[in-house]
Every structure is written in structure tokens, then in C-alpha cells.
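A.B. asks: Before we start, here is the structure in question, set down as C-alpha cells.
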Amino acid sequence: AQKITQTQPGMFVQEKEAVTLDCTYDTSDPSYGLFWYKQPSSGEMIFLIYQGSYDQQNATEGRYSLNFQKARKSANLVISASQLGDSAMYFCAMREANFGNEKLTFGTGTRLTIIP
Amino acid sequence: KAGVTQTPRYLIKTRGQQVTLSCSPISGHRSVSWYQQTPGQGLQFLFEYFSETQRNKGNFPGRFSGRQFSNSRSEMNVSTLELGDSALYLCASSRLPGQNYNEQFFGPGTRLTVL
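Residue numbers (the working numbering), protein chains in the order written: chain A, -10 to 105; chain B, 16 to 130.
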């Protein structure tokens, strides 16, 4: 069974608009962490934001916020006021059993293109 | 502080050869993980090392191996290269559980081409 699902292969968004990238996950482990990474054409994976399963509040990092809906097993990334430099692949990833396990399981990614 | 570094950045090999890739984690990070990224299979976990011990292993053949040194630097080796091994190999490092445990940072990757 797929553990991380990203249903949007590609998205086109007008510059300065907000964008939501979808991510759903599947786990029976009560302790897990959710990550979002950005991968520009250069290939490097850039860490954006993290949400722990026990965190009470949604994570925010600058223009990035994570809409965490635990009951729905959803962890959508929201980018406010998009910029041309936001054009890249975006990956959602999960790490189960936070302690003692560093393995990340990735979704298939969403290619985001910002239109001027 | 310096990020995760990987060497070499680009590599071209022929089938049957072997290759060694290197990863230096962020200072203070003791766990190093390796991932393979291909257009067809996406990002797949290879293995993870902590304190010179392999703690976790993905579903890859025995041709893929790795090790970690006492300074936390890690190497991965692929023997008897196949065309399908052409990929971007990414290394990630993280601290021990505890303080700032949300950290898991990646290096720039090594792009391996097998001809």
C-alpha cells in the first residue's frame, strides 16, 4: 500500500497567489513525522517544513505552512504569495516511529510552475 | 555551518564497473541515510547508518553496500554496475533523537550515469 500519496503531478499557479499542494499518508504508527522538501532542477532536496504527529499546532516556516489534519491523514503544504523561484518539484515524506528510525518514505512529487 | 556534502557530484561509469560515493554529514549529525532517485521509481531508501552501524536497509540487491566511519562520514558502494543504476544518489543527515529532531537535511547529490 502506498504510504504517501501526492495526487497532483503538476500545477500551474499565477505569481503572488497562494498554492496548496496535497499530501495524504497512511500509517498505523501513532508516532511519526511529516516533511516537505523542495527539489529545484539542480537536484538538491531543500527542507521546507516539518510536522510531528503529536504537535498540537500546524507548523509554519515563513511563507510555508502545513495544514495538518490528523484524522484525515492529510498534510497539505500551503505556500503563500508564490514567487517565480518557487517553481520546482515538491515532495511530501513521512518518517514513522520518530525515534530510532531515520527512513523517509516519499511521495511521487508535484511539479509546481509559477507563471509571471 | 556547512551543509551535507557529497562527492563526486557527477560520475560516468560503464556496465560491470564499481563505484564509491562519499557523504559528509552536517557537523554534529551522527545519522546518515542514502536514497536513490530515478524517474521511474522516484525516491527510494537505500540504507541508514548510525555510529558506524547499519540500522535500516531498503529493498536493494547486495550490490549496494555502505559504511560509516568514526567521524560520521559515509560511503556507499555499488558493484557490477547495471544500466538501471543510473540515478541521482542523495545523502541525508540528522541528529540523534531529541533536540531539533525535525532536522533531516540532504546533500546536493551525486548523479551517476552508467553507459
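Positions of the beta carbon are idealized from the N, C-alpha and C atoms, including for glycine. Just so we're clear, the structure is a prediction, and the values are computed from it rather than from any experiment.
1. So, under 8 Å CB-CB, residue 64/A and residue 12/A are touching, yes? Tell me the CB distance rounded to an integer number of Å.
2. Relative to the C-alpha of residue 19/A, which residue among 32/A, 35/A and 43/A is closest?
3. If we define contact as Cβ-Cβ less than 8 Å, is residue 60/B a contact residue for chain A?
4. Which residues in chain A have a C-beta closer than 8 Å to the C-beta of residue 10/B? List them in chain order.
5. Examine chain A for any beta-carbon lying closer than 8 Å to the beta-carbon of residue 89/B, and answer yes or no.
6. Mind listing the chain B neighbours of residue 33/A? Cutoff is C-beta to C-beta under 8 Å, in chain order.
7. Note down, in chain order, every chain B residue with its Cβ under 7 Å from the Cβ of residue 97/A.
8. Start and end of the beta strand (DSSP E) containing residue 78/A?
9. At the level of alpha carbons, what is the spacing between residue 26/B and residue 58/A?
10. Using DSSP with H/G/I as helix, E/B as strand and the rest coil, what is residue 31/B?
11. Would you tell me roughly how many angstroms separate the C-alpha atoms of residue 103/B and residue 60/B, rounded to the nearest one?
12. Here's the rule I'm using: 16 or more other beta-carbon atoms within 10 Å means buried, otherwise exposed. How should residue 84/A be labelled?
13. What is the DSSP secondary structure of residue 73/A, counted as helix, strand or coil?
14. Can you give me, in chain order, the residues of the segment 70 to 98 of chain B that have a beta carbon less than 7 Å from any beta carbon in chain A?
15. Against chain A, does residue 130/B count as a neighbour if the rule is that its beta carbon must be under 8 Å from one of theirs?
16. In angstroms, rounded to a whole number, what distance separates the CA positions of residue 89/B and residue 96/B?
17. When you compare the CB positions of residue 142/B and residue 128/B, do they come within less than 8 Å of one another, or not?
18. So, with DSSP's three-state summary, where would you put residue 98/B?
19. Since residue 0/A is in the beta strand (DSSP E), which residue starts that stretch and which ends it?
20. List the residues of chain B that residue 80/A touches, going by C-beta distances under 8 Å, in chain order.
21. What did DSSP end up calling residue 32/A once you bin it into helix, strand or coil?
22. Could you tell me the boundaries of the beta strand (DSSP E) in which residue 53/A lies?
23. Who are the Cβ neighbours of residue 80/B in its own chain at under 6 Å, not counting the five residues just before and after it?
C.D. replies: Considering the structure as presented:
1. The residue given as residue 64/A occupies position 75 in the first sequence. The residue given as residue 12/A occupies position 23 in the first sequence. About 5 Å separates the CB atoms of residue 64/A and residue 12/A; that is less than 8 Å, so the two are in contact.
2. By 1-based counting over the first sequence, the position of residue 19/A is 30. For residue 19/A, the closest alpha carbon among the candidates 32/A, 35/A and 43/A is that of 43/A.
3. Position 45 of the second sequence, counted from the start, is the residue given in the question as residue 60/B. True, the Cβ-Cβ gap to chain A drops below 8 Å.
4. This structure cannot speak to residue 10/B, because chain B is shown only from 16 to 130.
5. As a first step, residue 89/B must be located in the second sequence, where it is residue number 74. Answer no: the Cβ-Cβ gap between residue 89/B and chain A never drops below 8 Å.
6. Stepping through the first sequence from its first residue, residue 33/A is reached at position 44. Those within 8 Å of residue 33/A in chain B are 121, 122, 123 and 124.
7. Counting from 1 along the first sequence, the entry for residue 97/A is found at position 108. Ordered by position in chain B, the residues that pass the 7 Å Cβ test against residue 97/A are 57.
8. Reading the first sequence from its first residue, position 89 is the one you call residue 78/A. 77 to 85 is the span of the beta strand (DSSP E), which, as asked, contains residue 78/A.
9. The count along the second sequence starts at 1 and reaches residue 26/B at position 11. The count along the first sequence starts at 1 and reaches residue 58/A at position 69. So the alpha carbons of these two residues sit roughly 42 Å apart.
10. The sequence position of residue 31/B within the second sequence is 16, counting from 1. Coil.
11. Position 88 of the second sequence, counting from 1, holds the residue named residue 103/B. Position 45 of the second sequence, counting from 1, holds the residue named residue 60/B. Taking the straight line joining both Cα atoms gives about 12 Å.
12. If you number the first sequence from 1, residue 84/A lands on position 95. Label assigned to residue 84/A: buried.
13. Here residue 73/A is taken as the residue at index 84 of the first sequence, counted from 1. Of the three classes helix, strand and coil, the one that applies to residue 73/A here is helix, per DSSP.
14. 71
15. Sequence index remark: in the second sequence, residue 130/B carries index 115 (1-based). False, the Cβ-Cβ gap to chain A never drops below 8 Å.
16. For the purposes of this step, residue 89/B is identified with residue 74 of the second sequence, where counting begins at 1. For the purposes of this step, residue 96/B is identified with residue 81 of the second sequence, where counting begins at 1. The alpha-carbon atoms of residue 89/B and residue 96/B are separated by roughly 20 Å.
17. A query on residue 142/B cannot be resolved here, the shown segment of chain B reaching from 16 to 130 and no further.
18. By 1-based counting over the second sequence, the position of residue 98/B is 83. If DSSP states are grouped into helix, strand and coil, residue 98/B belongs with the helices.
19. Walking along the first sequence from the start, residue 0/A turns up at place 11. Here the beta strand (DSSP E) through residue 0/A covers -1 to 3.
20. To locate residue 80/A, count along the first sequence from 1; it is residue 91. Correct list: 58.
21. Counting from 1 along the first sequence, the entry for residue 32/A is found at position 43. It is coil, neither helix nor strand.
22. Start at 1 with the first residue of the first sequence, and residue 53/A comes out as number 64. It spans 53 to 58 - the beta strand (DSSP E) in which residue 53/A sits, taken as one unbroken run.
23. The residue you call residue 80/B lines up with position 65 of the second sequence. Excluding positions up to five away in sequence, the list reads 92.
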